[in-house]
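Residue numbers (the UniProt record's numbering): 1 to 296.
Everything below concerns the one structure shown next.
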Amino acid sequence: MNENHLLAEGFEAHRGHLRAVAYRMLGSLSEAEDAVQEAWLRLSRSDTAAVENLGGWLTTVVGRVCLDMLRSRTARREEPLGVHLPDPVISGETGPGPEDQALLADSVGLALLVVLETLAPAERLAFVLHDLFAVPFDEIAPIVDRTPAAARQLASRARRRVRGAAPVPDADLARQREVVNAFLAAARDGDFAGLISVLDPDVVLRADYGAAPAPAPREVHGAAAVADQALTFSRLSSPGLLTRPALVNGAVGVVSSREGRPFSVLAFTVTDGRIVAIDILADPERLSGLDLTVLD
1 MNENHLLAEG FEAHRGHLRA VAYRMLGSLS EAEDAVQEAW LRLSRSDTAA
51 VENLGGWLTT VVGRVCLDML RSRTARREEP LGVHLPDPVI SGETGPGPED
101 QALLADSVGL ALLVVLETLA PAERLAFVLH DLFAVPFDEI APIVDRTPAA
151 ARQLASRARR RVRGAAPVPD ADLARQREVV NAFLAAARDG DFAGLISVLD
201 PDVVLRADYG AAPAPAPREV HGAAAVADQA LTFSRLSSPG LLTRPALVNG
251 AVGVVSSREG RPFSVLAFTV TDGRIVAIDI LADPERLSGL DLTVLD
């Protein structure tokens, strides 16, 4: 077995982990794949004779690549109008397949990724690498060109924002499904009181329509306003709409389609038996790229 083959074999052993790091850093499945591929290119061009921990070396390389990509986004100001949701990872109710299991370790729900999108690039890297993947600050510091103490402060600031804004979902999927089904039934029946009963008073609904004209507000706060929006959405979209239960980033969700084409993906965050966040991807361009065969 030659050296290149051994190197490729070692890289493949870490691919799932690297993809998980990049997805948390970027919130984009395609960009995460690009970052992992770039890590392979850098590995193949490097002298790795002195590398004792290949996994750690690759993790820091992917972190550096993702940091550059995040900074490039900021410099070009490519954020779309209004709400932008990270790419959802969709699986059937039995759970994600082997390829996505590493991607969704640590229950990285859409609500958490939405908060990560608000962090500065260096803060996001420090938090993701340290808090989610246990990378020491001594190894994070050179990536962000800071001292270990400064890298620690970056992660600490990010942690405070995440704790204050990213709700922790209930672990019981059966209970999540019960609450979401009650919400869907109430929306279908026009039951305003039923909707209020399963919504947290401070619930937030975020809808990503991409560049398409928004048929409804992109962000709504409060139980009454979200209930009104749910009733309106149900009335306008019901004809010909096929809805299927799914797991979206490991939490209970719903995928809707019309005439065989994806119409929307709804991700629910259920905490203490109430819905605290609803994230809707309704961007036609991004929906067209989803693989929904996992639901068949």
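Glycine included, C-beta positions come from ideal geometry on N, C-alpha and C.
All values reported here derive from a predicted model rather than from experimental measurement.
The shortest CA-to-CA distance from Phe133 to any of Ala227, Tyr23 and Arg244 is the one to Tyr23.
Cα atoms of Arg42 and Pro213: separation of roughly 41 angstroms, rounded to the nearest angstrom. With respect to the C-alpha of Val276, the residue from His130, Glu93, Asp170 and Arg124 having the closest C-alpha is Asp170.
Leaving aside the five residues that flank Ser28 on each side, the residues in its chain whose CB is nearer than 6 angstroms to its CB run, in chain order, Asp87. Counting only residues of its own chain and dropping the five nearest sequence neighbours on each side, Thr74 has a CB closer than 7 angstroms to the CB of Pro121. Taking 9 angstroms as the cut-off, the Cβ atoms of Phe183 and Phe263 do not count as close. Burial state of Glu123 is buried, judged by a 10 Å Cβ sphere holding 16 or more other Cβ atoms. In this structure, the straight-line span from the alpha carbon of Val204 to that of Ala166 is close to 11 angstroms.
Close CB contacts of Asp279 within its chain, under the 6 angstroms cut and outside five residues either way in sequence, are with Leu85, Leu110, Arg206 and Ala267 (chain order).
Residue nearest to Ala155 within the set Glu178, His130, Glu93 and Arg175 is His130 (criterion: CA-CA distance). Judged by DSSP secondary structure, Val265 falls within the beta strand (DSSP E) whose first and last residues are Arg261 to Thr271. Taken through DSSP and simplified to helix, strand or coil, Thr243 comes out as strand.
Secondary structure note for Glu219: its beta strand (DSSP E) is the uninterrupted segment Glu219 to His221. If you draw a straight line from the Cα of Ala282 to the Cα of Ser288, it is about 10 angstroms long.
Taking 9 angstroms as the cut-off, the Cβ atoms of Ala230 and Ala186 count as close. Out of Val83, Ala35, Asp291 and Leu199, the CA that lies nearest to the CA of Asp208 is found in Val83.
Within the same chain, Leu116, Leu119, Leu154, Ala155, Ala158, Arg159 and Val162 come within 8 angstroms of Phe127 by CB-CB distance, once the 5 residues on both sides are set aside.
In the structure shown, Ser28 adopts coil according to DSSP, grouped into three states.
When secondary structure is reduced to three states using DSSP, Gly190 falls in the coil class, being assigned neither helix nor strand. Our two residues, Glu139 and Gly164, have alpha carbons roughly 27 angstroms apart in a direct line. For Gly250, the secondary structure class from DSSP, reduced to helix, strand or coil, is coil. Annotation: Thr232 to Leu70 spans about 36 angstroms, alpha carbon to alpha carbon. Residue Ala20 holds the alpha-carbon nearest to the alpha-carbon of Leu113 among Ala20, Asp47, Leu242 and Ala246. Counting only the Cα atoms, Ser72 lies some 42 angstroms from Leu195.
Between Ser44 and Gly250, the C-beta gap is not smaller than 9 angstroms, which leaves the two residues out of contact. The residues Ser257, in chain order, have a CB closer than 6 angstroms to that of Leu242 in the same chain once the five nearest residues on each side in sequence are set aside.
Assignment of Val128 by DSSP, reduced to helix, strand and coil, places it in the helix class.
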